[in-house]
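Numbering (our numbering), first residue to last: 1479 to 1644. The beta carbon of each residue, even a glycine, is placed where N, CA and C say it ideally should be.
Written out as structure tokens, the structure is:
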């Protein structure tokens, strides 16, 4: 707590006052965030997107030194977006009531195929997971359990191309 130019710290039931001033307290807080690895001080957290049934995400992809960097996603209704050069569109098809599956479909216009993982979640509980292997010649697809509330797209990597990730 910062009051009257002094920082008061409660620790183990003891109250101590330090004369750091409010600006010093703010600097100490920023340093704590930087040291904690939260991505607050330049370390960019890996990009993760959430989709629900009937949605798709379109995002820019760049590859440098074999690592994939993903831009911010534009979420839209399934089938309405087409990727531009250097972009990927990933859609989550409608649920199939008979098989309890839905399709994760990726259309890529990138120089190299991009693989990623789609994880079906109910709250924070993982229900199903599928690896989507990037393809440049056709849309890539994978099946995932349709009982999930949302599907998280993550762990983007340069792929080998083709129907399997081998």
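Looking from the CA of residue 1557, the closest CA among 1540, 1544, 1536 belongs to 1536. Judged by DSSP in its simplified three-state form, residue 1633 adopts strand. Using a Cβ distance threshold of 8 Å, residue 1548 and residue 1634 count as a contacting pair.
The straight-line gap separating the alpha-carbon atoms of residue 1551 and residue 1533 is approximately 12 Å. Per DSSP, the unbroken beta strand (DSSP E) holding residue 1569 starts and ends at 1565–1570.
Here residue 1597 is buried, its C-beta having at least 16 other C-beta atoms within 10 Å.
Rounded to the nearest angstrom, the gap between the Cα atoms of residue 1589 and residue 1610 is 17 Å. The beta carbons of residue 1527 and residue 1631 sit closer together than 8 Å. With a cutoff of 8 Å on beta-carbon distance, residue 1593 and residue 1637 are scored as near each other.
With a beta-carbon spacing of about 17 Å, residue 1595 and residue 1617 fall beyond the 8 Å limit used to define contacts. DSSP places residue 1554 inside the beta strand (DSSP E), whose first and last residues are 1552–1555.
Burial state of residue 1601 is exposed, judged by a 10 Å Cβ sphere holding fewer than 16 other Cβ atoms.
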